[in-house]
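A quick write-up on the structure given underneath.
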Amino acid sequence: MPESAAHYEEMDLNFSREIVKVMIIMMAFLFPKKKELRLRQDILREVYEDNLRIIGRKRQAALARRRPFFLRKPFLVALLTVLSVLMHGNFATTPFSLERRVSANTLERKPVSRPAEAPQDRINPSDYNALMGDAKMPLSRVFGLGIKTIMIDPGHGGVDTGTTGKSGTKEKDITLDIARRLKARFEKTGRYTVIMTREQDVTVPLNRRVEMAVASRADLFVSIHLNYLPSRPINIIETYYFGPSSDAKVLKLAEEENAGSQYGLSEFREMIGKIGDTMKLQEAKGLATSIQKNLYSNIKKENGNAYDFGVKRAPFVVLLGVDVPAVLAEVSCLSNAEEELRMNTESHRENIAHYLEAGIMDYLTKGEATYESGRRAER
Amino acid sequence: MSQADVRKGEKVLFVGIDLGTSRSSISASNAARKWIQSYVGWPKDFISLQVVGKPVLFGEDALENRLSLDLVRPLEHGIIKEGIDRSEEAVQEIIKHLIQLAGPEPDQKIYAVVGVPSDSLKVNKLAIRKAVSEFVHSLMVVTEPFAVAYGMNLLNNSLVIDIGAGTTDFCIMHGTIPAEDDQKTILFAGDYIDDQLYSYLGEKYHNSKFNKNMVRQFKEKYSFVSDVTEDIQVEIPVDGKPVMHDIKNEIKRACESILPAIAETTQEMIARVDPEFQMKIKNNIVVAGGGSLIRGIAEYLEESLREYGPCKVTCVTDPLFAGSDGALKLAQDMPPKYWETF
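Line by line, the protein sequences are chains U and X.
Counted from 1, the first sequence has number 184 at position 184 by our numbering; the numbering is strictly sequential.
Counted from 1, the second sequence has number 50 at position 50 by our numbering; the numbering is strictly sequential.
If you want it as structure tokens, here you go:
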């Protein structure tokens with residue numbers, strides 16, 4: 001019997017060992033599963049939150065993690081109530097009242113310093129020359145010439161695709177879309193007639209574009225293009241008005257943009273003869289500066305890789321042939337991969353149209369404001 | 001079907017959609033699995049409509065009738081060109097068609113997870129949602145390589161290389177939803193091979209008449225980068241007469257042309273990770289997408305990465321449905337409370 005008792009004891013022990021083994025195996029099997037399950041649940045929650053962000057919504061309160069009691073609303077309200085009762089009557093020196101006083105001060109009218117009346121001088125012939133060369137006061141403003149018709153020229157089109165980005169984005173498509181958006185923006189104001197050199201993806205030779213601008217009696221001509229700079233992964237923004245240039249890169253760009261202009265040499269010479277048109281050059285430079293400033297300052301905020309290549313002179317045929325102020329804006333750079341991706345979103349193209357509109361409007365209204373304020377000061 | 005399929009007495013159809021540059025597929029909780037080539041065509045005019053007999057054509061059907069159609073490949077180069085080329089409309093048509101192919105019951109609610117190329121999710125988030133949401137009751141959008149990783153349970157310490165037509169997407173998984181730094185896209189993919197092959201064949205057989213579509217078919221049938229003993233001969237017309245052409249060398253050269261960039265980017269992605277986990281990731285590299293069908297690609301990548309230490313590269317078993325199966329798994333695992341908020 002003792003032998004059999006020892007035998008049973010040993011059996012019990014073996015059985016216990018087996019159970020422990022099985023439990024260890026089960027734990028080893030279950031714990032990683034539980035860990036994996038938790039990992040999966042975390043990932044699913046992140047997918048959900050990521051999608052909420054896409055549609056611009058926040059996680060529902062019910063799904064949010066429970067906050068600790070001292071951060072919950074009822075507790076905070078109660079705490080604030082108790083504090084306000086305890087501190088009753090001591091608000092006179094709190095920052096709130098100071099702020100109120102400061103804001104009240106800002107409403108007070110500041111003394112306006114009026115410019116001293118300029119003595120009436122005798123007019124000399126040289127004053128007319130000064131007037132012609134005064135960059136601060138565009139001649140069209142001096143003579144009260146308004147802008148009624150704006151012609152927008154989406155670069156390239158049809159068989160002429162312009163540059164193509166690495167992801168296949170074509171310059172002709174982007175310029176057309178931005179131009180359409182810009183047109184819609186101006187039309188919304190109800191103040192301008194806007195004409196486009198092309199409304200569809202069609203080939204329009206440069207001379208035809210110039211003819212259209214002349215025939216439609218446009219007061220302003222804005223040509224939209226995209227740059228391509230394969231050697232450097234940056235986004236450059238530059239705006240051109242007509243003029244001679246000694247920069248080889250600018251001349252190369254002009255050669256590319258002028259391709260297929262279909263102008264004869266005699267016509268070209270005739271147009272070159274018009275270069276001395278002070279008003280046109282003066283206005284074009286002002287317009288280019290305003291567009292460049294608006295484009296660059298806004299795009300720089302969105303893309304840190306954007307560089308200001310400034311306002312430049314270049315012999316673009318499309319700018320030369322048009323009798324009115326004309327500029328060519330290279331609004332983006334398709335060789336920059338990030339910029340190309342962004343150019344495929346409607347929101348980015350809408351933004352570019354917005355910046356162009358702001359640049360043009362700044363130019364159109366600045367002159368009026370300057371001129372009007374000058375007149376008011378004279379009175 | 002999971003327990004979440006039935007909620008509030010309604011039967012829900014879960015679908016996972018892989019919206020690819022070249023092919024799009026759908027896997028549904030009713031066991032339907034379908035795919036089409038990502039081409040959409042609309043008849044050019046009234047006569048074309050009479051000829052093709054349908055207002056919109058898809059995939060192979062659209063390619064065959066391409067002369068009568070305005071043909072669009074909406075995710076060419078991995079992004080939707082919003083407002084251009086009818087790209088968004090084409091995406092809508094593809095989604096609508098895929099859901100029809102999955103055969104939902106009338107008035108059945110559809111909860112969808114859609115996998116898209118990484119760049120597209122980065123750039124076209126809202127456009128994708130807008131294009132898809134019309135046809136589903138609730139929708140979540142993820143990147144294709146992430147959907148593949150989820151479906152294959154590669155949630156931690158792995159690298160998925162999704163070689164598609166327009167782009168190759170890299171995605172490092174480390175136990176969380178991949179952030180922007182964990183993903184990278186390059187343009188060396190199937191379309192690049194097609195361009196190279198087209199140019200090599202043009203140089204070698206300048207009297208032969210072939211087009212990009214034929215070249216793509218040659219690639220899909222014969223692509224390889226390892227040593228292959230058999231000859232590769234295809235029939236190409238010369239002066240109207242079918243002539244056999246040997247294209248073995250050109251196929252190999254064209255397929256190999258994308259691999260240096262892929263190997264380099266793989267190394268770059270792994271180098272970004274905490275050094276402690278680099279070895280684990282190196283031994284868990286998975287190639288997905290149509291590019292995984294290139295014979296010998298896993299061995300080629302292992303060989304090119306060997307100088308940085310040993311590694312293990314495998315290919316998914318079903319590249320056509322790996323993305324949509326993963327997206328379906330995501331949809332079925334998603335807790336009901338998350339769906340209800342969309």
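Yeah, the Cβ is synthetic: ideal placement off N, Cα and C, and Gly gets one too.
The alpha helix (DSSP H) enclosing residue i, as first and last residue numbers
i: Cys-255 of chain X; result: 248 to 256
i: Gly-158 of chain U; result: Gly-158 of chain U -> no alpha helix (DSSP H), and no H or E assigned at all.
i: Pro-233 of chain U; result: No alpha helix (DSSP H) holds Pro-233 of chain U; DSSP gives it neither H nor E.
i: Ile-297 of chain X; result: 297 to 305
i: Gln-411 of chain X; result: Because chain X is modelled from 1 through 342, residue 411 of chain X falls outside the range shown and cannot be assessed.
i: Met-214 of chain X; result: 212 to 222
i: His-225 of chain U; result: Note, His-225 of chain U: premise wrong, no alpha helix (DSSP H); beta strand (DSSP E) at 220 to 227.
i: Tyr-150 of chain X; result: 144 to 151
i: Arg-180 of chain U; result: 171 to 189
Cβ-based neighbour list, residue i, same chain, cut-off 6 Å, excluding 5 preceding and 5 following
i: Ala-213 of chain U; result: Met-151, Phe-221 and Val-322
i: Leu-131 of chain U; result: Unreliable positioning characterises Leu-131 of chain U in this predicted model, as indicated by a pLDDT of 45, which lies under 50. The coordinate reading is nonetheless provided below. Nothing meets the Cβ criterion.
i: Thr-229 of chain X; result: none
i: Leu-63 of chain X; result: Tyr-39
i: Asp-287 of chain U; result: The sequence given here has Leu at residue 287 of chain U, not Asp. Excluding positions up to five away in sequence, the list reads Pro-325, Val-327 and Tyr-363.
i: Lys-170 of chain U; result: Thr-161 and Thr-164
i: Asp-153 of chain U; result: Thr-197, Arg-209 and Ser-223
i: Ser-257 of chain X; result: Gln-196
i: Pro-260 of chain X; result: none
8 Å Cβ cut-off: residues of chain U touching residue i
i: Leu-301 of chain X; result: In chain order: nothing, as chain U lies at least about 23 Å away.
i: Asp-80 of chain X; result: Note that residue 80 of chain X corresponds to Ile in the displayed sequence, not to Asp. Per Cβ cutoff of 8 Å: Asn-344.
i: Thr-176 of chain X; result: Asp-42, Ile-43 and Glu-46
i: Leu-330 of chain X; result: Leu-44 and Val-47
Residue i, buried or exposed, once every other Cβ within 10 Å from all chains shown has been counted against 16
i: Gln-100 of chain X; result: exposed
i: Met-334 of chain X; result: buried
i: His-385 of chain U; result: Past the edges of chain U, shown from 1 to 379, lies residue 385 of chain U, and the structure says nothing about it.
i: Ile-147 of chain U; result: buried
i: Gly-190 of chain U; result: exposed
i: Val-331 of chain U; result: buried
i: Glu-235 of chain X; result: exposed
i: Thr-203 of chain U; result: exposed
i: Gln-292 of chain U; result: buried
i: Gly-103 of chain X; result: exposed
i: Gly-41 of chain X; result: buried
i: Ser-118 of chain X; result: buried
i: Lys-184 of chain X; result: buried
9 Å Cβ cut-off: residues of chain X touching residue i
i: Arg-313 of chain U; result: Here the premise fails: no neighbours, minimum Cβ distance about 32 Å.
i: Asn-235 of chain U; result: By Cβ distance, chain X contributes nothing, its closest Cβ being about 15 Å from Asn-235 of chain U, past 9 Å.
i: Asp-160 of chain U; result: By Cβ distance, chain X contributes nothing, its closest Cβ being about 16 Å from Asp-160 of chain U, past 9 Å.
i: Leu-356 of chain U; result: The premise fails here: Leu-356 of chain U is roughly 17 Å from chain X at the closest Cβ pair, so nothing lies under 9 Å.
i: Asn-14 of chain U; result: Near Asn-14 of chain U there are no residues of chain X at all, since even the closest Cβ is about 38 Å away, more than 9 Å.
Proximal chain U residues relative to residue i, where beta-carbon distance stays under 9 Å
i: Pro-335 of chain X; result: Gln-41, Leu-44, Arg-45 and Tyr-48
Other residues of its chain near residue i: CB distance less than 7 Å, five sequence neighbours each side excluded
i: Lys-54 of chain X; result: none
i: Arg-57 of chain U; result: none
Interface residues of chain X facing residue i [CB-CB closer than 7 Å]
i: Gly-168 of chain U; result: Glu-76 and His-77
Contact set for residue i: own chain, Cβ-Cβ below 8 Å, skip 5 residues either direction
i: Pro-233 of chain U; result: Asn-305, Ser-335, Asn-336 and Ala-337
i: Phe-224 of chain X; result: Ile-251, Lys-252, Cys-255, Ile-294, Arg-295 and Gly-296
i: Val-243 of chain X; result: Ser-208, Glu-235, Ile-236 and Pro-237
Host beta strand (DSSP E) of residue i (start-end)
i: Tyr-39 of chain X; result: Premise fails: Tyr-39 of chain X is in no beta strand (DSSP E) and is neither H nor E.
i: Ser-199 of chain X; result: From DSSP, Ser-199 of chain X is part of no beta strand (DSSP E) but of the alpha helix (DSSP H) over 190 to 204.
i: Val-287 of chain X; result: 285 to 288
i: Asp-70 of chain X; result: 69 to 72
Residue-chain proximity (residue i, chain B), Cβ-Cβ < 9 Å
i: Met-152 of chain X; result: In summary, chain B is missing from the structure at hand, where the protein chains are U and X.
Beta-carbon neighbours of residue i, restricted to chain U and to distances below 7 Å
i: His-39 of chain X; result: With the sequence shown as reference, residue 39 of chain X is identified as Tyr, and His is not the correct amino acid for it. Per Cβ cutoff of 7 Å: no residues; Tyr-39 of chain X is ~15 Å from chain U at best.
i: Val-142 of chain X; result: Val-47
i: Tyr-205 of chain X; result: Here the premise fails: no neighbours, minimum Cβ distance about 27 Å.
Beta-carbon neighbours of residue i, restricted to chain X and to distances below 8 Å
i: Ile-147 of chain U; result: Neighbours of Ile-147 of chain U on chain X: none; closest Cβ ~28 Å, over 8 Å.
i: Ile-54 of chain U; result: Lys-125, Leu-126, Arg-129 and Val-141
i: Asn-351 of chain U; result: Those within 8 Å of Asn-351 of chain U in chain X number zero; the least Cβ separation is about 13 Å.
Chain-ordered residues of the region 109 to 138 of chain X with a beta carbon less than 9 Å from chain U = Residues passing the 9 Å Cβ filter: Val-113, Asp-119, Leu-121, Lys-122, Val-123, Asn-124, Lys-125, Leu-126, Ala-127, Ile-128 and Arg-129.
Pull out every residue of the region 60 to 94 of chain X whose Cβ sits closer than 8 Å to any Cβ of chain U, in chain order.
-> Hits within the stretch, in order: Glu-76, His-77, Gly-78, Ile-79, Ile-80, Lys-81, Glu-82, Gly-83, Ile-84 and Asp-85.
Near-chain U residues of the region 155 to 168 of chain X (beta-carbon distance less than 9 Å), N- to C-terminal order = Within the region 155 to 168 of chain X, the residues whose Cβ lies closer than 9 Å to some Cβ of chain U are Leu-155, Asn-156, Gly-166 and Thr-167, listed in chain order.
Members of the region 177 to 197 of chain X that neighbour chain U once the beta carbon cut-off is set at 7 Å | Taking 7 Å as the Cβ-Cβ cut-off against chain U, the residues of the region 177 to 197 of chain X that qualify are Ile-177 and Leu-187.
When Cβ atoms are compared, which residues of the region 308 to 342 of chain U fall closer than 8 Å to chain X?
-> Answer in chain order: Leu-341 and Arg-342.
When you check each C-beta in the region 174 to 198 of chain U against every C-beta of chain X, which residues fall closer than 7 Å?
-> Answer in chain order: Asp-177.
Which residues, taken in chain order from the region 286 to 306 of chain U, show a beta carbon closer than 7 Å to some beta carbon of chain X?
-> Answer set for the region 286 to 306 of chain U: empty.
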